[in-house]
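First up is the structure itself, then whatever we jot down about it.
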Amino acid sequence: MRLLKALAAVSGLTALSRVAGFVRDILMAAILGAGPIADAFFVALKLPNLFRRITAEGAFTVAFVPTYADKDEKLGREAAAEYAGRVASVMMGVLIPLSLIVMWFMPFVIGLIAPGFTEGEMRFDLAIEFTRVTFPYLALISFGALLGGMMNAHDKFAPFAAAPILFNLCLISGLLLSGFFETAGHALVWAVAFSGVLQAVFLYYCLKRYRIDLNFKKPKLDKDIKKLFKLMAPGIVGAGVVQINIFVDVILASFLQAGAISALYYADRLNQLPLGIIGIAIGTALLPMMSRAVSSGDKFKTQGLFDQSLFFGLLLAMPAATALAVMPHVLIEGLFERGAFTSEATHITSGVLRAYALGLPAFILAKVFSTLYFSHQDTVTPVKISIIGTLLNIGLSLILIKEIGVMGIALATSLTTWMQIALYLGAMKRSEYHVYAPRFKTQVIQITLCALVMGLSIMLADVLLPFEAVVKMVILVLLGLIVYFFSVVWVKLIRMDDFNRIMGKNKNE
């Protein structure tokens, strides 16, 4: 019950954050648009986010929470508070000087991450100015990750899950107040900086409210800190590879026409909606359950969890991918085409979204496969596959961008992810890890057929319905959900008892 309660709280707050994020993006598309100011802002936002995702969001949290919880369990609250204080001091001792150095050398840094921005160009000058404002966000949000990790270790999940909502609300406020700034981009970068302060203050307040202590200590690389860094290393490599992949996209897009980076951003935001929800569910629920099964030597349960995760992952990912692929223009026009976001921007972004959608199921499968390896305490294989995938992505992007422009960058990412699935399958055949059951092949065919029926229904309705974009978008989404649901029930992919189990209504529980 504790796990279900935690999952419900995190899922609900994550959903609220996604809604706030879409409101933010709709306003951003209308006010900021998809031009040179938008490109400069997105570069300024991506740089601190690169470091955040490599350290605070993934590797740090995964390494810190278990070690902090271990201190609390074995040595008590005071020892845990002192450990957290030492970690916080070392973290700030590294990140504050790093931020100052990066801000000083910002022209050189922008030249590296956006080489298509030439010196003297509006995008280049704005990117330098904007990133100097946003980069301190890294230290603030990393400190917030430490505070959130402490609360998570004490089963207080809500504050850390709610923090991204504050980020989105700050950016929405910045957009609404953009008339008081030189440009909307200037309003947004200051909103980003303020959101870092607000999140850190909010999380620290919640920490004190829960009476969880944080005793700051003099920065020192003792054995506990060295152990933390050692645990973080594989996660940093893996997260770094993923972020390099993302930055390759930005670097290549910077050589294209103005608005290319923005098209990648808006398309990725829509693609990340189903990917984030499904991925969070799998990552949150599967890893601890599978880890326990592996630790107990229960191979039957491990195989069952793996098969179920593949099945439910594809069951949810395929209709999402199909909808994004067959109606990207309706989604982009309905959500973003207003104000500074023109019909031309809709056309470019729709093509990018369709290309991203082709890889969505592969992203979900990769999440399941990597979780299987992590549950066996094998972090090397996923990192190797990520590195190979990054190299393949760069090569494919360089080839496809010449043929189809910015859409080639998204298509390369999707094709690379499917290649990674092939690498995972090959690695599994050479190991003792479980490969999917024969029944899964039939399930894949059935899920694909149901998704195709849904896709054809949406395409037909798109042609026949005369409504304006927003109304048509709502109707097509609802139609797709209804058609897909009845399709999977008709072919008996799910039954009512399965549905009740998913919804947590199993009477035997």
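Just so we're aligned, residue 28 is where the sequence shown starts under the numbering used here, counting upward by one. From the three backbone atoms N, C-alpha and C, an ideal C-beta is built for every residue, glycine too. The model shown is predicted, which means the values in this text are computed figures rather than measured ones.
Flag this pair as yes or no: are the beta carbons of Thr-158 and Met-133 separated by less than 9 Å? yes
Looking at the ligand NAD, does it come within less than 8 Å of Gly-223, judged from the CB to the closest heavy atom? The ligand NAD is absent from the structure shown, which contains no ligand whatsoever.
Quick one: what's got a C-beta closer than 7 Å to Leu-127's C-beta in the same chain, skipping five residues either side? none
Hey, is the region 500-518 in contact with the region 470-490, meaning 3+ C-beta pairs nearer than 8 Å? yes
Span of the alpha helix (DSSP H) holding Glu-364? No alpha helix (DSSP H) contains Glu-364, which DSSP labels as neither H nor E.
Looking only at its own chain, which residues have a Cβ that is under 6 Å from the Cβ of Gly-60, when we skip the five neighbours before and after it? Ala-367, Phe-368
Contacting residues, own chain, Cβ-Cβ under 6 Å from Tyr-237 (five flanking each side not counted): Lys-183
Between the region 414-430 and the region 356-367, do at least 3 Cβ pairs fall closer than 8 Å? no
For Ile-431 and Met-455, I'd like the C-alpha separation in whole angstroms. 35 Å
Given Arg-150, which residues of its chain have a CB within under 7 Å of its CB, disregarding the five upstream and five downstream residues? Pro-63, Asp-66, Ala-67, Phe-144
Are Phe-49 and Leu-300 touching if we call contact CB-CB under 9 Å? yes
Name the two residues that bound the continuous alpha helix (DSSP H) containing Ser-413. 407-431
Does the structure place the region 375-391 close enough to the region 290-298 that three or more beta carbon pairs sit under 8 Å? yes
How about the region 161-170 and the region 226-242: do they share at least three Cβ pairs that are nearer than 8 Å? yes
On the three-state DSSP scale, how would you describe Ser-397? helix
Once you ignore the five residues that flank Ile-239 on each side, which residues in its own chain have a CB closer than 7 Å to its CB? Met-177, Met-178, His-181
Endpoints, alpha helix (DSSP H) assigned at Ile-168: 164-180
Answer with buried or exposed for Glu-360, where buried requires no fewer than 16 other C-beta atoms within 10 angstroms of its C-beta. buried
To the nearest angstrom, report how far apart His-213 and Lys-101 are at their CA atoms. 49 Å
Could you tell me whether the Cβ atoms of Ile-448 and Ile-436 are closer together than 9 Å? no
With a CB to CB cut of under 6 Å and the five nearest residues on each side skipped, what residues in its chain are close to Ile-252? Val-117
Does DSSP put Ser-281 in a helix, in a strand, or in coil? coil
Beta-carbon within less than 7 Å of Leu-234's beta-carbon, same chain only, minus the 5 sequence neighbours each way: which residues are those? Leu-174, Met-177, Met-178, Leu-241
On the CB-based measure, 16 or more other CB atoms within 10 Å of its CB, does Tyr-110 come out buried or exposed? buried
When you compare only the Cα positions, how much space is there between Pro-315 and Leu-255? Note that Pro-315 scores 49 on pLDDT, short of 50, meaning its location in the model is unreliable and no value can be drawn from it.
Presumed contact (8 Å Cβ cut-off) between Ile-192 and Ser-44, rounded CB distance: 5 Å
My output table needs one value for Arg-159: the three-state DSSP class, helix, strand or coil. helix
Could you check the C-alpha separation between Ser-222 and Phe-194 for me, to the nearest Å? 5 Å
Buried or exposed for Thr-41, please, with buried defined as at least 16 other CB atoms from any protein chain shown within 10 angstroms of its CB. buried
For a quick check, are the C-beta atoms of Arg-113 and Lys-257 less than 9 Å apart? no
Exposed or buried, Val-433, counting other C-beta atoms within 10 Å across all chains shown (16 or more means buried)? buried
What does the alpha-carbon distance come out to for the pair Ile-273 and Leu-302? 16 Å
So, are the CB atoms of Ile-474 and Leu-341 less than 9 Å apart? yes
Where do the N-terminal and C-terminal ends of the alpha helix (DSSP H) with Thr-329 fall, by residue? 326-353
Under 7 Å Cβ to Cβ from Val-160, same chain only, skipping five residues before and after it: list those, please. Val-216, Trp-217, Ala-220
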